[in-house]
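Trainee: Our numbering numbers the first residue of the first sequence as 4 and each following residue consecutively.
So that we are looking at the same thing, I have put the structure below in structure tokens.
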Amino acid sequence: MMRTHYAGSLRGGDAGSIITVCGWVAARRDHGGVVFLDLRDASGILQIVIDPATPAGADSSRIRSEFVLQVTGVVRPRPGGTLNVDLPTGEVEIAADSVVILNESEPPPFPLNDRADGVDESLRLRHRYLDLRRGAMQRNLRLRAGVNRSVRAVMDAENFVEVETPMLIASTPEGARDFVVPSRLHPGEFYALPQSPQLFKQLLMVGGLDRYYQVARCLRDEDLRADRQFEFMQLDVEMSFADAQDVMDVVARAVDAAVVGATGRSIGEVPSITWQDSMERFGTDKPDLRFGMELIDLGGVFASTEFRAFQADAVKGICVTGMGEASRSTVDGLVDRAKSLGAQGLVWMRVRDGGVLEAPVAKFLSADEQAGVVATLGAVTGDLVLIVAGDRRMANEVLGALRLDLGKPPVDFSETDGGPALMRFVWVTDFPLFEKVDASGRPTPAHHPFTMPHPDDLALLDGTAEELLAVRSQAYDLVLNGWELGSGSVRIHRADVQSRIFALLGIDAQEAQERFGFLLDAFKFGAPPHAGFAFGIDRLVALLAGEENIREVIAFPKTQSGSDPLTGAPGPLDPTHLRELGLAMAAKPKK
RNA sequence: GGUCCUGUGGUGCAGUUUGGAGUGCACGCCGCCCUGUCAAGGCGGAGGCCGCGGGUUCAAAUCCCGUCAGGACCGCCA
Numbered sequence: 004m005m006r007t008h009y010a011g012s013l014r015g016g017d018a019g020s021i022i023t024v025c026g027w028v029a030a031r032r033d034h035g036g037v038v039f040l041d042l043r044d045a046s047g048i049l050q051i052v053i054d055p056a057t058p059a060g061a062d063s064s065r066i067r068s069e070f071v072l073q074v075t076g077v078v079r080p081r082p083g084g085t086l087n088v089d090l091p092t093g094e095v096e097i098a099a100d101s102v103v104i105l106n107e108s109e110p111p112p113f114p115l116n117d118r119a120d121g122v123d124e125s126l127r128l129r130h131r132y133l134d135l136r137r138g139a140m141q142r143n144l145r146l147r148a149g150v151n152r153s154v155r156a157v158m159d160a161e162n163f164v165e166v167e168t169p170m171l172i173a174s175t176p177e178g179a180r181d182f183v184v185p186s187r188l189h190p191g192e193f194y195a196l197p198q199s200p201q202l203f204k205q206l207l208m209v210g211g212l213d214r215y216y217q218v219a220r221c222l223r224d225e226d227l228r229a230d231r232q233f234e235f236m237q238l239d240v241e242m243s244f245a246d247a248q249d250v251m252d253v254v255a256r257a258v259d260a261a262v263v264g265a266t267g268r269s270i271g272e273v274p275s276i277t278w279q280d281s282m283e284r285f286g287t288d289k290p291d292l293r294f295g296m297e298l299i300d301l302g303g304v305f306a307s308t309e310f311r312a313f314q315a316d317a318v319k320g321i322c323v324t325g326m327g328e329a330s331r332s333t334v335d336g337l338v339d340r341a342k343s344l345g346a347q348g349l350v351w352m353r354v355r356d357g358g359v360l361e362a363p364v365a366k367f368l369s370a371d372e373q374a375g376v377v378a379t380l381g382a383v384t385g386d387l388v389l390i391v392a393g394d395r396r397m398a399n400e401v402l403g404a405l406r407l408d409l410g411k412p413p414v415d416f417s418e419t420d421g422g423p424a425l426m427r428f429v430w431v432t433d434f435p436l437f438e439k440v441d442a443s444g445r446p447t448p449a450h451h452p453f454t455m456p457h458p459d460d461l462a463l464l465d466g467t468a469e470e471l472l473a474v475r476s477q478a479y480d481l482v483l484n485g486w487e488l489g490s491g492s493v494r495i496h497r498a499d500v501q502s503r504i505f506a507l508l509g510i511d512a513q514e515a516q517e518r519f520g521f522l523l524d525a526f527k528f529g530a531p532p533h534a535g536f537a538f539g540i541d542r543l544v545a546l547l548a549g550e551e552n553i554r555e556v557i558a559f560p561k562t563q564s565g566s567d568p569l570t571g572a573p574g575p576l577d578p579t580h581l582r583e584l585g586l587a588m589a590a591k592p593k594k
């Protein structure tokens with residue numbers, strides 16, 4: 004046994020014990036005679052005192068940062084006046100009898116304490132094994148493990164069966180770009196890595212598993228973002244003989260358990276909003292409910308306006324509290340931002356005393372219209388009113404983006420100012436079945452092609468493009484503070500309905516049979532009605548950790564360009580390896 | 001595919017706007033001093049391809065072009 008205690012576990016009550024601890028040197032304070040060491044292990048930091056007169060003093064001048072030590076000594080209360088209230092172990096210290104240097108260390112390339120907060124991320128990733136020693140990373144990974152533990156406990160308790168699904172599967176060109184793996188035994192053929200276990204979990208329902216879950220790795224070859232990696236983890240759930248509400252209830256219990264475990268606070272009742280309402284009020288399908296600044300329809304105010312720009316499909320506005328004094332360049336920046344988001348322009352108005360509007364376009368607006376803007380938006384002196392007119396979807400999305408730019412609070416669940424931190428979960432329901440309809444009248448699915456249409460809208464499936472876009476699905480998203488945590492739906496469980504949807508999507512019978520024949524076949528043998536959900540573990544953990552970026556909660560993440568500074572991946576394959584796989588480079592790669 | 005930001009001793013930054021000697025700050029590192037510190041303190045020292053390449057100029061960390069790397073975003077992400 005190399006140690007008797009964890010360094011961070013010792014308290015005043017342990018005084019008098021003779022103990023052995025192991026860990027890394029976090030700091031060394033050499034007074035010429037007595038030497039203080041801060042010894043760090045997974046549990047925390049403990050002060051070691053080395054008296055030059057003891058055997059432990061022999062090597063003390065050699066010891067440097069990140070040396071690995073085994074220290075034996077007696078726990079003793081710190082002398083009066085030298086207690087450290089900032090340290091959980093601050094009442095005690097170890098008077099070292101013996102210090103064994105288990106390993107030496109070069110000076111670390113960056114500080115491993117809080118000073119590392121600003122260190123270049125690629126340097127941290129190149130030496131991730133050092134970065135992981137830092138308290139912040141230790142906390143994040145332990146938080147992550149706790150979230151996994153909590154959700155598993157709920158799923159287990161509710162009789163869900165954990166089933167693993169394959170990583171090497173057939174490529175399906177729908178949706179995200181697949182990562183592919185060449186087959187050695189079948190030269191010229193490829194496996195794909197799963198974007199999600201979607202089809203398998205539906206097959207598990209046909210297979211009578213009744214309730215399935217998996218903490219599943221998903222892979223998508225799409226560009227990376229602060230909240231997106233090639234690889235990510237989902238709590239994947241599927242339930243037979245269940246409706247949307249059953250699924251949402253289970254997911255809410257799993258998320259609640261994770262949040263309670265992490266923060267001690269329940270998420271409470273999760274409210275719902277329809278997709279339609281979310282788009283109209285927040286200009287997005289993942290609304291951040293931590294603040295207001297809702298989008299207001301000004302169509303009524305400008306119903307018979309003379310102002311050309313407002314004779315549009317939709318006129319919508321937001322009122323930015325207290326921004327009326329913003330500089331012209333700031334406001335011009337908002338105009339540029341709106342244009343870059345696809346707006347024709349952005350009308351802005353400063354609200355002055357008495358509801359007087361100061362704006363370049365004021366002269367084009369009647370007194371009634373100006374008064375209507377102020378009244379409808381509830382604007383007061385000092386506010387800035389922003390209005391976008393044009394296509395309704397565009398106007399909503401542009402204002403939704405501006406709303407976030409101007410109002411989004413930082414990601415932070417810590418207790419601030421003694422008040423409760425803000426977690427605003429919301430279910431977004433009644434998504435449209437189709438995202439858009441192309442020129443030939445062919446729709447693309449908003450969720451995935453296995454989503455059950457809303458029963459009231461089935462008749463619209465034979466309709467015009469406009470009617471197709473109005474078809475609602477039985478799909479639902481869980482949103483937290485503007486982050487899409489996950490989505491789910493009631494699935495199609497009948498071969499005839501699934502074939503009809505495939506046909507609508509332009510997948511003819513032969514193609515459907517080739518790609519998804521196994522699913523359609525399975526549906527011929529008594530597939531139960533089923534529904535499911537999947538939510539992103541990385542995103543939930545990041546939000547619970549107060550991180551803006553999921554790389555901070557992933558042990559070994561990729562950079563934005565998809566490379567790994569630690570291992571050097573991706574890299575070239577040697578010619579022998581390529582030949583074995585039946586592959587040849589079509590062109591000399593760049594670099 | 002696109003827009004924007006960043007790149008200066010091991011680390012974090014200032015210096016770039018308005019070209020004039022690698023000039024500065026903090027930390028770390030090395031040496032010496034120091035027996036109660038808490039990211040100890042004092043004194044001294046070492047350490048630089050100003051990401052890389054090209055151009056303009058008498059002169060480039062600084063201006064221009066290109067490129068690489070990292071980041072934020074748009075597209076993309078059923």
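Heads up, the beta-carbon is just placed ideally off N, CA and C, and yes, glycines get one too.
As the structure is a computational prediction, the values presented were derived from the model and not from experiment.
#1: When DSSP labels each residue in this structure, what does Tyr-9 get in the three-state scheme?
#2: Could you give the residue range of the alpha helix (DSSP H) that holds His-533?
#3: Using the three-state DSSP reduction, which class does Glu-361 fall into: helix, strand or coil?
#4: Identify which residue in Asn-399, Gln-373, Pro-560, Asp-524 has its Cα closest to the Cα of Ala-297.
#5: Helix or strand or just coil, what does DSSP make of Glu-167?
#6: Considering only their Cβ atoms, is the gap separating Phe-203 from Pro-532 smaller than 9 Å?
#7: Note the first and the last residue of the continuous beta strand (DSSP E) segment covering Gln-279.
#8: By DSSP, does Leu-461 sit in helix, in strand, or in coil?
#9: In terms of alpha-carbon separation, which member of Asp-120, Leu-227, Leu-344 lies closest to Met-140?
#10: So the candidates are Thr-57, Thr-85, Asp-41, Ala-45; which of them puts its Cα closest to the Cα of Arg-67?
#11: Between Ser-502 and Leu-523, is the Cβ-Cβ spacing less than 9 Å?
#12: Return helix, strand or coil for Asp-89, following the three-state DSSP convention.
#13: Quick check: what's the CA-CA separation for Arg-136 versus Pro-412?
#14: So Ser-186 is in the beta strand (DSSP E); what residue range does that whole segment cover?
#15: Assign Glu-583 to one of three DSSP states: helix, strand, or coil.
#16: Do you know offhand how far Gln-347's Cα is from Gln-314's?
#17: Taking all protein chains shown into account, decide if Glu-225 is buried (16 or more other Cβ within 10 angstroms of its Cβ) or exposed.
#18: Taking all protein chains shown into account, decide if Ala-99 is buried (16 or more other Cβ within 10 angstroms of its Cβ) or exposed.
#19: What do you get for Glu-107, buried or exposed, if any count of 16 or more other CB atoms within 10 angstroms of its CB means buried?
#20: Could you check what DSSP says for Arg-152 in three-state terms: helix, strand or coil?
#21: Here's the rule: buried if 16 or more other CB atoms are within 10 angstroms of the residue's CB, otherwise exposed. What is Pro-560?
#22: Once DSSP output is grouped into helix, strand and coil, what is the label at Leu-202?
#23: Going by beta-carbon coordinates alone, are Arg-238 and Val-429 separated by less than 9 Å?
#24: Less than 9 Å separating the beta-carbons of Arg-220 and Glu-234?
#25: Quick one: measure Cβ to Cβ for Asp-1 and Lys-289, integer angstroms, because I've assumed they're closer than 8 Å.
#26: Three or more beta-carbon pairs under 8 Å between the region 337 to 346 and the region 389 to 398, yes or no?
#27: Is Ile-321 helix, strand or coil when you go by DSSP?
#28: When the distance is taken between beta carbons, is Leu-464 closer than 9 Å to Leu-471?
#29: Thinking just about the alpha-carbon of each residue, which of Cys-322, Ala-317, Arg-65, His-189 is nearest to the one in Glu-109?
#30: Can you name the start and end residues of the beta strand (DSSP E) that Leu-337 belongs to?
#31: Hey, would you say Asp-386 sits closer than 9 Å to Val-431, going by beta carbons?
#32: Do Asp-62 and Gly-36 have their beta-carbon atoms positioned less than 9 Å apart in this structure?
#33: Alpha carbon to alpha carbon, how far is Pro-111 from Asp-117?
#34: Kindly give me the distance between the Cβ atoms of Thr-454 and Pro-446, rounded to whole angstroms, as I take these residues to be in contact under 8 Å.
#35: By the 10 Å Cβ neighbour count, where 16 or more other Cβ atoms means buried, how is Arg-494 classified, buried or exposed?
#36: Going by DSSP in three states, Leu-425 sits in which element: helix, strand or coil?
Mentor: Reading off the structure:
#1: coil
#2: Premise fails: His-533 lies in the beta strand (DSSP E), 533 to 539, not in any alpha helix (DSSP H).
#3: strand
#4: The amino acid occupying residue 297 in the given sequence is Glu; Ala does not appear at that position. Comparing Cα positions, the closest option is Asn-399.
#5: coil
#6: no
#7: From DSSP, Gln-279 is part of no beta strand (DSSP E) but of the alpha helix (DSSP H) over 278 to 285.
#8: helix
#9: Asp-120
#10: Asp-41
#11: yes
#12: coil
#13: 30 Å
#14: Element bounds for Ser-186: n/a, residue is neither H nor E.
#15: helix
#16: 13 Å
#17: exposed
#18: buried
#19: exposed
#20: helix
#21: buried
#22: helix
#23: Before going on, a small fix: residue 238 reads as Leu here, not Arg. No, the pair does not count as a contact, with Cβ atoms beyond the cut-off.
#24: yes
#25: The requested residue 1 is not part of the displayed model; the chain covers only 4 to 594.
#26: yes
#27: strand
#28: yes
#29: Arg-65
#30: Premise fails: Leu-337 lies in the alpha helix (DSSP H), 331 to 343, not in any beta strand (DSSP E).
#31: no
#32: no
#33: 14 Å
#34: That pair is no contact at about 12 Å.
#35: buried
#36: coil
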